[in-house]
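Residue numbers (the working numbering), protein chains in the order written: chain Y, 564 to 834; chain L, 564 to 834.
C-beta: ideal position from N, C-alpha, C; glycine also.
Number of protein chains: 2
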Amino acid sequence: MIVVIKIGGAAGINQNLTGLANDLKSLVDAGNQILLIHGGSAEVDALGERLGVPMRYITSPSGVRSRYTDSATMEVFIMAMAGRVNTELVRQLQVVGVKAVGITAISGGMFYGERKTAIRSVEGSKVKLIRDDLSATLTSVDTALVEHLLAGGYLPVVCPLVLAQGGEVCNIDADRAAAALATALRADQLILLSNVPGLLEDVSNPSSLIRCIRVGEAESYEEIASAGMKKKLAAAVAAVRSGVKRAVIADGRVEAPATRAIRSEGTVVTP
Amino acid sequence: MIVVIKIGGAAGINQNLTGLANDLKSLVDAGNQILLIHGGSAEVDALGERLGVPMRYITSPSGVRSRYTDSATMEVFIMAMAGRVNTELVRQLQVVGVKAVGITAISGGMFYGERKTAIRSVEGSKVKLIRDDLSATLTSVDTALVEHLLAGGYLPVVCPLVLAQGGEVCNIDADRAAAALATALRADQLILLSNVPGLLEDVSNPSSLIRCIRVGEAESYEEIASAGMKKKLAAAVAAVRSGVKRAVIADGRVEAPATRAIRSEGTVVTP
Chain Y
564 MIVVIKIGGA AGINQNLTGL ANDLKSLVDA GNQILLIHGG SAEVDALGER LGVPMRYITS
624 PSGVRSRYTD SATMEVFIMA MAGRVNTELV RQLQVVGVKA VGITAISGGM FYGERKTAIR
684 SVEGSKVKLI RDDLSATLTS VDTALVEHLL AGGYLPVVCP LVLAQGGEVC NIDADRAAAA
744 LATALRADQL ILLSNVPGLL EDVSNPSSLI RCIRVGEAES YEEIASAGMK KKLAAAVAAV
804 RSGVKRAVIA DGRVEAPATR AIRSEGTVVT P
Chain L
564 MIVVIKIGGA AGINQNLTGL ANDLKSLVDA GNQILLIHGG SAEVDALGER LGVPMRYITS
624 PSGVRSRYTD SATMEVFIMA MAGRVNTELV RQLQVVGVKA VGITAISGGM FYGERKTAIR
684 SVEGSKVKLI RDDLSATLTS VDTALVEHLL AGGYLPVVCP LVLAQGGEVC NIDADRAAAA
744 LATALRADQL ILLSNVPGLL EDVSNPSSLI RCIRVGEAES YEEIASAGMK KKLAAAVAAV
804 RSGVKRAVIA DGRVEAPATR AIRSEGTVVT P
């Protein structure tokens, strides 16, 4: 089975890495092809703080919040994500005996994109146009490199960067990148791990987990989703709509998080 | 032909990257298998400065100077080298059409080592014992991953990190790492590019280049070599002694630096 697993992000990466690494080891040993893709916004924010580079966010007119990535922020982003987070994941995996290979998605021409040259940002009552943001829309996903690595028995650990048409390295939302990668790989499952058990009917009640969503009904759940969860739900739905057999939004903090997600512990999105 | 190319380091990485990238493109197109391994000490120093992490050096009783890498420095090292330098090299190569893959040498269990648990450091008239240095001696080089990448038509861009037996990520001298990699790969050539034309008879006179050194005579040249050049000469000699057909210490600042080195422009070390 081909499984694309995305880990965040918001909760920091050190929380349950040994548990995840051991879990991935058992999944690889059982013959699965696993690809890991990571966020790391907490690490990016922490490094920005240390370097005195202010971390700013853009809120689109439709209410979506994203990182404002000017060139100083992109530099921080690359050092924290491709440097620190990616290396630490590879280290943890190698220590438990998984043959992990850390790459960014500009390697091997994996992610190409178009830079968003003018982004509308709501600031108070005004809408400003931002022109120096280094984020991109994916235009092509080439899976040749990760397929070559998987065929060699390696577990790719992917840092989501995009090479734009002008040669700039750009930022992309990691959930969306994971969905695009799972789609292009024709993955059996996309698993989105975070610091909640899945989509909750009532955010304050962890036992109000919504266990299954059909893509056709997904829209009706958007209202109850937080901003971060909205992105995960959209990524899960996009992947399943494009042919991934199922997507699971699940808890990354538990023992054997990926195995549990594969066993449907979390919010399962199905066709 | 299999060619391992090491670029430094000291001169910063932005100097002649487009020239190098175009050169590597032509070498790859001509059917050569190229592996790039990089230093990046100028970038490490710059990031350390920005973060307020003091960069310190150790001088061994025999006069060899090396970076003192405590855990705060290692963090800086990883972010600058595996994050910034490696990603920038991959970007430049992809932009000119080379299928480059940036990895650290802990990926795929490539470099394993033994951490130096007690290092003698000369400080004034005293010799201190340093116990928290995260640098390692290479104990094994596994070329399976880079050979797999080369076989797939990729150009590996390697950041020299070592995984120590205790699971720590450690630092290693990049010239020595390049020599070990060239040896393990049974490379036809090892090319060490830096900001000088090669070994100079007289450091202040660039036209005093020593064109050829047989490994048997290498010792007699050590005296005239600067500290940085001593390391390069030792790496070149070690590689050739271990079976690499020849090593060239050459200028990275010129047009087509790798092609020129292959054509013997530089100091050529032969068996």
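Just the Cα atoms here: how many angstroms apart are residue i and residue j?
i         : j         : result
Y/Leu-718 : L/Ala-824 : 36 Å
L/Arg-774 : L/Leu-598 : 24 Å
Y/Ile-621 : Y/Glu-677 : 18 Å
Y/Thr-632 : L/Val-690 : 48 Å
Y/Asn-768 : Y/Met-792 : 15 Å
L/Ile-669 : Y/Val-658 : 10 Å
Y/Ala-645 : L/Gly-779 : 43 Å
Y/Lys-794 : Y/Glu-818 : 25 Å
Y/Cys-722 : L/Ile-812 : 34 Å
L/Arg-816 : L/Leu-713 : 26 Å
Y/Ala-797 : L/Ala-643 : 34 Å
L/Ser-827 : Y/Gly-665 : 35 Å
Y/Val-766 : Y/Glu-786 : 12 Å
L/His-711 : Y/Gly-715 : 7 Å
L/Arg-777 : L/Arg-809 : 10 Å
Y/Gln-752 : L/Arg-654 : 30 Å
L/Met-618 : L/Gly-687 : 18 Å
L/Val-832 : L/Glu-731 : 35 Å
L/Ala-742 : Y/Ala-788 : 54 Å
Y/Ser-757 : Y/Ala-740 : 15 Å
Y/Ser-634 : Y/Ala-593 : 43 Å
L/Val-720 : L/Val-661 : 11 Å
Y/Thr-680 : L/Arg-630 : 42 Å
L/Thr-636 : L/Lys-588 : 34 Å
Counting only Cβ pairs nearer than 7 Å, list the residues of chain L close to residue i.
i         : result
Y/Ser-670 : Val-653, Ala-663, Val-664, Gly-665
Y/Gln-837 : Nothing can be reported for residue 837 of chain Y, as the shown portion of chain Y is limited to 564 through 834.
Y/Gly-715 : His-711
Could you please give me the residues that DSSP links to residue i through a beta bridge?
i         : result
Y/Ala-699 : Y/Arg-678
L/Val-832 : L/Ile-776, L/Ala-810
L/Ile-787 : Beta-bridge pairing links L/Ile-787 to no other residue.
L/Pro-719 : L/Val-664
Y/Val-566 : Y/Ile-597, Y/Gln-752
Y/Arg-816 : Per DSSP, none; premise fails for Y/Arg-816.
L/Thr-581 : In DSSP, L/Thr-581 forms no bridge with anything.
L/Glu-612 : Per DSSP, none; premise fails for L/Glu-612.
Y/Thr-622 : Y/Arg-628
L/Ser-684 : L/Lys-691
L/Ala-727 : L/Gly-676
Run down chain Y in chain order and give the residues with a C-beta less than 8 Å from the C-beta of residue i.
i         : result
L/Met-642 : Leu-610, Met-642, Ala-643, Gly-646, Arg-647
L/Thr-650 : Ile-641, Ala-645, Thr-667, Ile-669, Leu-724, Val-732
Can you pull the chain L neighbours of residue i, defined as C-beta to C-beta under 8 Å?
i         : result
Y/Glu-638 : Arg-647
Can you name, in chain order, every residue of its own chain whose Cβ lies under 8 Å from the Cβ of residue i, other than the five neighbours on each side?
i         : result
Y/Asn-595 : Met-564, Ile-565, Val-566
Y/Ile-576 : Since pLDDT at Y/Ile-576 reaches only 49, below the 50 mark, its modelled position is unreliable, and the value read off the structure follows with that caveat. So the qualifying residues of the chain are Ile-570, His-601, Gly-603, Ala-605, Glu-606, Val-648, Glu-651, Leu-652.
L/Leu-772 : Pro-760, Gly-761, Leu-762, Leu-763, Glu-764, Gly-829, Thr-830
Y/Arg-628 : Tyr-620, Ile-621, Thr-622, Ala-790
Y/Thr-581 : Gln-655, Val-659
Might you give, ordered along the chain, the residues of its own chain that have their beta carbon closer than 6 Å to the beta carbon of residue i, omitting 5 neighbours on each side?
i         : result
Y/Leu-656 : Ala-584, Ala-663
L/Asp-814 : Pro-760
L/Val-725 : Phe-674, Gly-676, Ala-699, Cys-733, Ile-735
Y/Ser-703 : Tyr-675
L/Asp-705 : Gly-672, Met-673
Below 7 Å on C-beta distance, what does residue i contact in chain Y?
i         : result
L/Arg-613 : Leu-614
Can you find the residues in the same chain that come closer than 7 Å, C-beta to C-beta, to residue i, ignoring five residues on each side of it along the sequence?
i         : result
L/Val-639 : Val-607, Leu-610, Gly-611, Leu-614, Val-616
L/Ala-727 : Gly-676, Glu-677, Arg-678, Ala-699, Cys-733
Y/Arg-683 : Ser-623, Pro-624, Val-690, Leu-692
L/Asp-586 : Ala-819, Pro-820, Ala-821, Thr-822
L/Ala-707 : Gly-671
Y/Asp-738 : Lys-569, Leu-755, Lys-794, Lys-795, Ala-798
In chain Y, which residues lie less than 9 Å from residue i when you measure between Cβ atoms?
i         : result
L/Gly-730 : Arg-654, Gln-655, Gln-657, Val-658
L/Leu-708 : Lys-662, Val-664, Leu-712, Gly-715, Tyr-717
Using a Cβ cut-off of 9 Å, pull out every chain L residue sitting near residue i, in sequence order please.
i         : result
Y/Thr-632 : Within 9 Å Cβ-Cβ: nothing; Y/Thr-632 doesn't reach chain L, min ~14 Å.
- Task: Evaluate the contact criterion for the region 793-809 of chain Y versus the region 740-751 of chain Y: three or more CB pairs, one atom per stretch, below 8 Å.
- Result: The region 740-751 of chain Y and the region 793-809 of chain Y touch, with three or more beta-carbon pairs separated by less than 8 Å.
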